[in-house]
Amino acid sequence: MDDEHRIIESEHRKIESEHHIIESEHHIKESEHHIIESGHRIMDNEHHIMDNEQLIMESEHHIKDYEQHIMDNEQHIMDNEQLIMESEHHIKDYEQHIMDNEQHIMYNKNHIMDREHRILEKYPQTLVN
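In case it helps, my numbering puts the sequence shown at residues 116 to 244.
Below you can see the structure in the form of structure tokens.
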């Protein structure tokens, strides 16, 4: 009865590990989605920078009338550059999160295989799915 209890506990831990793998895979998909969103934000911000730089060049032809307009656009460019830097930092964080989750998946898969191997060694008649 004690051996059966250990087998049941081992199967329960296996199910928990598989659940953690599913959760980790979900986190990877979420992180990949965030990376794509961050990439889109970077492209949008780069387009905003180019648009604002064009506005600055046009405003320089009318300095007397548009000095304030030029300063506003320069601030917008700095804000967008800051957003780009933040987005790049987020991408690095998401990439690290993906690597961490992949490592966690590998650990859980190895843990499951080790547990199954131990069960099969101890109980060769046992079939483990």
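Don't be surprised by glycine CBs; every beta carbon is placed ideally from N, CA and C.
Q. The alpha helix (DSSP H) spanning Gln169 covers which residue range?
A. 117 to 175
**Q.** Beta-carbon proximity list for Ile185, same chain, < 6 Å, skipping 5 on both sides
**A.** Ile171, Ser174
**Q.** Burial state of Ile130, where buried means 16 or more other Cβ atoms lie within 10 Å
**A.** exposed
Q) Would you call the CB atoms of Glu138 and Ile213 closer than 8 Å? A) no
(Q) One question on the structure: do Glu140 and Ile220 come within less than 8 Å of each other, judged by their Cβ atoms? (A) yes
Q.
Please return the same chain residues whose Cβ sits closer than 8 Å to the Cβ of Arg128, not counting the five positions on each side in sequence.
A. Arg230
Q.
Can you tell me whether Gln240 is helix, strand or coil according to DSSP?
A. coil
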